[in-house]
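Per UniProt numbering, the sequence shown starts with residue 1, numbered consecutively.
Notes follow the structure.
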Amino acid sequence: MTRSTSPVFIGRRSELSRLRAAFERAATGQPQSVLLGGEAGVGKTRLVEEFAEQSGAALALGACVEIGGDGVPYAAFTGVLRRLNETDLLRCRGWERDELARLLPELGAAPPTRIDDEFGRVRLFEAVSTALLAAAAERTLIVVVDDLHWADRASRELFGYLARVLRGGRILLIGTYRDDELHRGHPLRPLVAELSRVREVERIDLGRFDRRETAEQLEALLGERVAPSMVEDVYCRAEGNAFFTEELACSVSCGGEDELSWTLHDLFLARVETLPEDTQRILRLISCAYQPTHTALISRVAGLGEAELADRLRPAFAAQMLIGGDGDAFRFRHALMREVLRENLLPGERARISRQLGELVELEPGLVAADARDVQLAHYWHRANVADKALAASLRAAKRANQKFAFADELAMLERALELWDAVEHTPGEQPDEVYWMYRASLAAWRAGHPDRGLSFAEAGLAAIDAEARPTLAAHLYEQRATHRWSLGRLDLEGLYRAVDLLPADRYPAKRAFMLARLASKLCMHGRSTEALTAAEEGCRLAAQATDLGDQVLALSAYASALFHFGDWEQGLALQYRAREQAESMGRTPALFSRTQICISDQLYKLGRFAEAATVAEDALGTVAASNRAQKGLLRHNVAEPLIDLGRLDEALRHIDEGLNLTLPDVQDQGLLRLRASVHLLRGNDEAAEADLRQVARRSHFGRGDIELQHLIPHSTQLVLLAAHRGQANEVAAALRQVFDEGVREEYEWWAWPLLYAAAATLRDLGSRDEQLRALIRTSAADMPRRVPIHDLYARLVAAELADCAARVRVHLDDGDPTHSAPSHNSSVPSGSIRAVPVQGGSGHGGSGHGGAVPSPSRVVSMPIDSASPDPAPDPKPASEREPEPHSDSVWAELARVADVLAAPVILRAQIRLRQAQYAATVSGGRETAAAAAREARELATSLGAEPLLLRVDALARSARLLSVVPSDELGGATATAPGLTARETDVLRLVAQGLSNGQIGTQLYISTKTVSVHVSNILAKLGVSSRTEAAAVAHRDRLLESAA
C-alpha cells in the first residue's frame, strides 16, 4: 500500500454543514471566522481540504510550524500572503505594500522602524486586512491558518485581530488547532476563549470517529470489507483517531500487524522501519531541520545531489510521511512523526546535525527564506552549542521581530541572547552591551504582557548600570521597573522620581517630559493630584519643545487626567478630548489613541455619564493593538463598569470574562474580579462574591500602604455590602475604618461616596447603635468634596440614611425594653431576633449602587419609624457632628426624582424607590404612593435579576399590604388569618408572640404605634385575655398562627 490517506471522505456531515453555512454568510459580504479544534490526527486538515475543494473558492493556506520555543513572527500569514502573491491576488499599493514587505521580502524594501515605535503594528495589521479584502473583491476567499497551537505570538494576535475587525468583505477565515495541547497555560487558550464569544466567529470541535466511521475508513483505505474483529482491534488502538487509524491500516496492509507497539512512539517507528535504511537516515536528518525545509538544504547536509535525494525520499513521499509545500519545500505530514524521530536521535547526533545545518545556512543564505534565516540560525547554533554564533543570530532575530512588532518573539530571542551572554567573550566597552539588552528585554516583556519577567530584567539592569554615567538608559530602566511593579500591584513612585531626576530639562527635555507624564499618571492613581498636576504641567511645557507629536499627546493626556482629578473636571475632560483628536490625527496609533479613550471613558464614568463611558470604551476595543493586552483589559473593565450601573449585567459579565481570559497582570485582574463580585452581590450569590474578593485581596496586598485608591476604596465598598448581606456590623466598621481612619484624603471623592452611602444604609438596616461609626461616616461626608452632581446625590442619601439610623435607635430606646434592642456593631445577631435586610449593591465605584441580601427565615425586614415619632430636642453641636433629623417620604420622593434626572445607577434608583415606598406606607393616605414606588422598585429589581432586592420589595408589599405590587398568589401567608381575627390583627398577633413592642410592631407593619395599640386591644377582647403575654400563650396553645401560616 503506497497511500495511507483515505480516498473517500468519511463522515463529518454536521461539521461540513456548519462550514458551508459560514461560507454562505461570508459570500454575502459578511466576513466569518471558524475555529476548528480537535486532537492531533483527528482529521482537521482533511476536513478543511475537503470543504475548500467543494466550495470552489480561492484558497490561501498558511501553516504554523513548531521549532522548540522559537518561531518566525507571522510565519503562518507569510505563507498566506505569498500564496496570494503567486496567484496574482495580492493587489495592494502604496503604504500597504510597504508594510507587507516586512513579511514578504520579495515585495521590496520595508520602511525603517524605530526601536521604540509601538505604533506601527496597527499599520501592519491593517495592511494585511486590506490585502485580504482586496483579494476577495471578485471571488470569495478562504484563508486557512493550520496548527494555530504552534503559532508564534504575532501570528496569534494577527489572527485574533482579523477575526474581530474584518468587515465588508467575502472572506472566510479558518484556524485549526490541537485542543488536546491547550493546557492551562497554553498561550492559544485565552484567544480561543475570547474569539468564541465574538458573533462572527464559530467554534467547531472535531471529535473522534465512532466504530461505524472507523469501519468505513478502514474499508476505504484497504479497498475491501474488513472483518468485525479487525475493526474492533483498530478502533480500540486508534480510539477513533483518523490518523492513527490510517497508520494502523497501512501496517495491516504491509503484513506487520503483530509487530505493532501499543504506543504511538513505537507505532511511528514501526512505520518508518518499513522504509529503506537510506530513507530512514534522511528522515532522521530532516527531523532536526526547520519545517518546512528545502531540497537544496537537505541535499547539502546529506551529501547527496538533489536528484539522488529525491530518489531516497520517494518512498517517504509515497507512504505519505512527507508532503510537498511551496516550490521545493516539503515537511513531515504530521509533526508527531517528526517529534518521534528527533527524540530517537542521540544527543550528540542532534548537535552534529544542527551544526551542519547552521554552517550551511550561514555559508549559503539563499537556502532558506530571508525572513526565517536568523531564527533558524539561532535555533541551529544553540542546539549545536556554538554560543557566539547563537548569540549573534538571536540578537538579529530579536531585531527583526521588533520591526514586525512581534514582541513575544523578540522577548524569546533576547532571553536566549542574555542566557548566552556570559558564554561569549566581549571586547571592553562593547556597545550595545548586556545592560542595554536587559532594558530591551524588559521593554519587550512589558509589550508582550509578561511583567514578572520584565521586572527581573529591569532590576538586573539597574544592579549593573552606572546611573550617573548613563543617565538616559538608567532612567528608562527605573521607568520599566516602576511599570512592571505597578502591573504586579506594587507602587514604585521612588523609581519614577529617580528617573525624572536623572534627566535634567536643559539636556533631555523630551525624555524628561515622557517620565513626568508617567509619574503624573501614577500619582493620580494614588490620590496625589496636587503632585500629579505639578509634574504634568512641567511635562506639557517640555513636550511643547519636542518635535514628536506623540510626546505632546502623552503629556497632554497626563495633564488632562491630573487636572480632572484635581477638581477641574470640565477642563480636564475637554483637554482629554483634545488629546484624543491629536492622537487620531496621527492615524489612531494603537497605544496613544487607546490611552486617551481609556482616560475619557474613566472620566465620563466618574461624572455619572455611564452610557457615554461604555460607548467610548467599547468603540476603543476595535482600535486597540492586538498585542496590547494591558489596554484591552483596561477597556474591558471600562466597558463593564458602566454597564453594571446601566443595569446591563449580562453584557457586563461578558466583558469581564473576556478581560479575565486575557491572563492580565494582577493589578488589572483585581479590578475585573471586583466588578464580577459586584454582579454576584447584586444577584445574591454571596459565596461567589466572597471568592472573588478573596482573590482581589491576595493580589492587591491590602494593608501594605501603597495600594491605589481606585482599588482600595471600591474593594472596601464590596466588603461592606457583603457584610451587610450577612448582618455583620463589625465587618462594616472594619472596612470603613480601613479607608477613613486617617481622615479624608485627596481625591477620595471619586471613589468614597458610594462607600459612605453603603455603610450608612447598612448601619440603618442593621439597627446598629455604634455612635462612633455613625460619627465617622458623618464627619467624613462633611469633609469630603462634592465635585459633580452625583456626589451631591450621594451626600443627601448619606444624610438621609444616618437620620433614619438615629431615629430607629431612638425608637428602640424609647420602647425601654433592652431585650428587643438591635445588635451592636461588634456582636452577632442571635437566631430569632429582628434582623434588617441590608441595601442592595452595585459596582461600588464612582457612582455605583450598593449591596443586597436574601432574607433568611430568621430575618424580619426592619423598617423606619412612623411619622408620629417625637423629634429630639435641638442639638447644640456643629452641623458636621450633629445627628441628622429623620427624613419623611417627601424627602425620599425628591431623592428619587433627582436620581432619575441624573440617570443614576439602576440599582441605586431601585433602592431609593424602595425607601420612598417604606416611608409612604407609614403616612396616612400614602398607600397609593407607596404602592407606585414599590412597583417601580420591583420592576427595576426584576430587570436586573437582583433577587435580594426583589425579595425586600415583596417583603414590604406583604407587611404593608400593598396588594397591587405583588400578584396575590405570591403574597403567601400575608393573606391568611387566624380564626376570629382580621388579617391585620393576625399580623399584629404574630409579632406580639415574638415579643415585639408596639413601636417595633408599627415599624414592621408601617402603621402608627397608636394604631398598633388599637389592634392589640381588639385582639385581647376577641381572645378573652387581659394581657399580651396571655394572648401569646393562647396563640401558641391553640396554634392560631399555624393555621394562618
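All C-beta atoms, glycine included, are put in the ideal place defined by N, C-alpha and C.
Going by DSSP, glutamine 32 is part of the beta strand (DSSP E) stretching over 32-38. Inter-residue distance for glycine 684 and serine 678 is about 10 Å (C-alpha atoms, whole angstroms). Assigned with DSSP and collapsed to three states, glycine 1024 falls in coil, not helix or strand. For phenylalanine 740, the enclosing alpha helix (DSSP H) begins and ends at 729-740.
Here glutamate 202 is bridged, per DSSP, to Val34. Going by DSSP, arginine 178 is part of the beta strand (DSSP E) stretching over 171-178. Under the criterion of beta carbons closer than 8 Å, glycine 62 and alanine 242 do not qualify as touching, at roughly 22 Å.
Of the candidates Glu224, Gly223, Arg208 and Leu222, the residue whose Cα lies closest to the Cα of alanine 238 is Arg208. Contact annotation: alanine 930 and alanine 921 have beta-carbon atoms nearer than 8 Å. Exposure of proline 7 is indicated by the presence of fewer than 16 other C-beta atoms within 10 angstroms of its C-beta. For histidine 294, DSSP records a beta bridge to Ala329. The residue among Gly120, Val122 and Thr78 with its C-alpha nearest the C-alpha of leucine 107 is Thr78. Listed in chain order, the non-local C-beta contacts of histidine 680 below 6 Å within the same chain comprise Ala688 and Ala689, local neighbours out to five positions each way being set aside. Counting along the chain, the unbroken alpha helix (DSSP H) around leucine 991 starts and ends at 983-993. For alanine 393, the uninterrupted alpha helix (DSSP H) run begins and ends at 387-403, by DSSP.
In this structure, aspartate 770 and alanine 733 form a Cβ contact; the two beta carbons are roughly 6 Å apart against a cut-off of 8 Å.
Secondary structure at alanine 137: coil, using DSSP grouped into helix, strand and coil. As a beta-bridge residue in DSSP terms, leucine 61 pairs with Val144. Residue pairing by DSSP puts leucine 322 in a beta bridge opposite Phe332.
Per DSSP, methionine 586 lies in no alpha helix (DSSP H) segment and is marked neither H nor E.
In the structure shown, the three-state DSSP call for proline 7 is coil. By the Cβ criterion, the segment 392-409 is not in contact with the segment 131-147, since fewer than three pairs of Cβ atoms, one from each stretch, lie closer than 8 Å.
In its chain, beyond the 5 residues on either side, Leu719 and Ala723 have a beta carbon closer than 7 Å to the beta carbon of glutamate 731.
CA-to-CA, the gap between arginine 355 and proline 315 works out to about 27 Å.
Secondary structure note for serine 959: its alpha helix (DSSP H) is the uninterrupted segment 947-959. Secondary structure remark: continuous alpha helix (DSSP H) runs of at least 4 residues inside the segment 70-122, in chain order: 75-86 and 94-100. Counting only runs of at least 4 residues, the segment 558-600 fully encloses the following alpha helix (DSSP H) elements, listed from N- to C-terminal order: 569-585. Residue state for threonine 929 is assigned as helix, using DSSP reduced to three classes. The residues Leu563, in chain order, have a CB closer than 6 Å to that of glutamine 571 in the same chain once the five nearest residues on each side in sequence are set aside. Two segments are said to touch when three or more pairs of C-beta atoms, one from each, lie closer than 8 Å; by this definition the segment 411-422 does not touch the segment 590-601. Judged by DSSP in its simplified three-state form, isoleucine 286 adopts helix. C-alpha of leucine 84 to C-alpha of alanine 135: approximately 7 Å in a straight line. Counting every other CB atom within 10 Å of its CB across the protein chains shown gives alanine 1031 a total of 16 or more, marking it as buried. Between threonine 1009 and glycine 999, the beta carbon gap of about 5 Å places them in contact (Cβ cut-off 8 Å).
Per DSSP, the continuous alpha helix (DSSP H) segment holding histidine 715 begins and ends at 709-725. In this structure, Cys288 is the residue among Cys288, Glu86, Leu802 and Leu712 with its C-alpha nearest to the C-alpha of glycine 348.
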